[in-house]
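Visitor:
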Amino acid sequence: MTYPPNQGQPYGQQPGYGQQQPNYGQQPSYGQQQPQQPSYGQPQPQQPAYGQPAYGQQPSYGTPQSGGYGGGYGAPASYASWFHRVGATLVDGLIVAPFSILAYLIDGPGTQTDAATGLVTPTTPGPIYWVLVLLGVLLSVYNQIWLQGRTGQSWGKKALGIKLISENDGQPIGPLLVFVRGICHILDGIPCYIGYLWPIWDDKNQTFADKIMKTVVVSAR
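Residues 1 to 221 in the UniProt record's numbering are what the sequence shown spells out, letter by letter.
1) Could you check if THR215 is buried or exposed, using at least 16 other CB atoms within 10 Å of its CB as the buried criterion?
2) Alpha carbon to alpha carbon, what distance is there between ASP188 and ILE194?
3) Less than 8 angstroms between C-beta atoms, sequence neighbours within five positions excluded: which residues of the same chain meet that for VAL218?
4) Report buried or exposed for ASN168, applying the criterion of at least 16 other Cβ atoms within 10 angstroms of its Cβ.
5) DSSP three-state call for PRO172: helix, strand or coil?
6) With DSSP run on the structure shown, which of helix, strand or coil describes ILE128?
7) Please return the same chain residues whose Cβ sits closer than 7 angstroms to the Cβ of ARG181, not counting the five positions on each side in sequence.
8) In the DSSP assignment, find the alpha helix (DSSP H) that holds PRO199 and state where it starts and stops.
9) Give a yes or no on whether the C-beta atoms belonging to ARG85 and PRO172 are separated by under 8 angstroms.
10) Going straight from the alpha carbon of residue 235 to that of TYR129, what length do you get?
11) From LEU138 to THR117, what distance separates their C-alpha atoms?
12) For TYR79, which three-state DSSP category applies?
13) Buried or exposed: which applies to GLN34, given that a residue is buried once 16 or more other Cβ atoms fall within 10 Å of its Cβ?
14) Using the rule of at least 16 other Cβ atoms within 10 Å of the residue's Cβ for burial, across every protein chain shown, is ALA97 buried or exposed?
15) Which of the three DSSP states, helix, strand or coil, is assigned to SER154?
16) Across which residues does DSSP place LYS163 in a beta bridge pair?
17) Going by other Cβ atoms of all chains shown within 10 Å of its Cβ, with 16 needed for buried, is PHE83 buried or exposed?
18) Look up GLN112 in the DSSP assignment and give the residues it is bridged to.
19) Buried or exposed: PRO207, going by 16 or more other Cβ atoms within 10 Å of its Cβ?
Right, here's the structure in full:
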């Protein structure tokens, strides 16, 4: 059965061999390149992994992470207040005070009156006085120089929760430098003890001796 030359093909008839069907979503023929679909295993530069830099970008080696403390030995603890420092000094003084009081009461210097002439003469301290005074001095040296130099805390500072450390490395400065710092406290008393009051308004709560020795007193709690 033949059809007129001007009529189209019957419904459902397939096109001849080699003709393409312009259907929606048509797949390209075998071997045709698909630029929008990279081949298996090929990296996708436009889609970097989560949390990683884009392809070809390398972070600088040794770059510090943001948020870290950038200077010195690390972020220091809060500086000790002037009142805590005064309180620690009072505690250290009260520890050795009994030795001086007992020395004076038991065998301290005094006066004696001659019964015949009524002449009053001073008396020299006895041996018990000197023994008690020496014990008080040794205890003070151990507490404020040796112990504070090794640990950063005298008994008074430990009771008040504060600590003496180096401003450079955050460590105790040692007995020798604590002794030198004690000598530098002479400058705190000249004039009018202004150096002892300096921590009230100083940014780091330092006395003159602290500034000379590069030390700070910080909270240890």
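Quick reminder that beta carbons are idealized off the backbone N, C-alpha and C, glycines included. As the structure is a prediction and not an experimental result, all values here were calculated from the model.
Guide: Walking through what the data contain:
1) Position 215 of the sequence shown, counted from the start, is the residue given in the question as residue 215. With 16 or more other Cβ atoms within 10 Å, it is buried.
2) For the purposes of this step, residue 194 is identified with residue 194 of the sequence shown, where counting begins at 1. For the purposes of this step, residue 188 is identified with residue 188 of the sequence shown, where counting begins at 1. Those two C-alpha atoms are separated by around 6 angstroms.
3) In the sequence shown, counting from the first residue as 1, residue 218 sits at position 218. Result list for VAL218: PRO76, ALA77, SER78, TYR79, ALA80, ILE162, LYS163, ILE165, in chain order.
4) Taking the sequence shown and counting its residues from 1, the one referred to as residue 168 is at position 168. Classification for ASN168: exposed.
5) Counting from 1 along the sequence shown, the entry for residue 172 is found at position 172. PRO172: coil per DSSP, three-state reduction.
6) Position 128 of the sequence shown holds residue 128. Of the three classes helix, strand and coil, the one that applies to ILE128 here is helix, per DSSP.
7) By 1-based counting over the sequence shown, the position of residue 181 is 181. Taken in chain order, the residues that qualify are ALA209, MET213, THR215.
8) As a first step, residue 199 is located in the sequence shown; it is residue number 199 there, counting from the start. Element bounds for PRO199: n/a, residue is neither H nor E.
9) For the purposes of this step, residue 85 is identified with residue 85 of the sequence shown, where counting begins at 1. For the purposes of this step, residue 172 is identified with residue 172 of the sequence shown, where counting begins at 1. No, these two residues do not count as a Cβ contact at 8 angstroms.
10) In this structure the chain extends from 1 to 221, so residue 235 is not present and cannot be described.
11) As a working mapping, residue 138 is identified with position 138 in the sequence shown. As a working mapping, residue 117 is identified with position 117 in the sequence shown. Straight-line Cα distance between these residues: approximately 42 angstroms.
12) Start at 1 with the first residue of the sequence shown, and residue 79 comes out as number 79. DSSP places TYR79 in strand when its eight states are reduced to three.
13) The residue you call residue 34 lines up with position 34 of the sequence shown. Note that GLN34 scores 49 on pLDDT, short of 50, meaning its location in the model is unreliable and no value can be drawn from it.
14) Here residue 97 refers to the residue found at position 97 when the sequence shown is read from its first residue. ALA97 should be labelled exposed.
15) Mapped onto the sequence shown, residue 154 falls at position 154. SER154 falls in the coil class under three-state DSSP.
16) By 1-based counting over the sequence shown, the position of residue 163 is 163. Paired residue(s): VAL218.
17) Within the sequence shown, residue 83 is the residue found at index 83, counting from 1. Exposed is the call here.
18) Residue numbering aside, residue 112 sits at position 112 when the sequence shown is read from its first letter. DSSP output for GLN112 lists THR121 as bridge partner(s).
19) What you label residue 207 is simply residue 207 of the sequence shown in a count that begins at 1. The question names Pro, but residue 207 in the sequence shown is Thr. Classification of THR207: buried, given that the 10 Å Cβ count is 16 or more.
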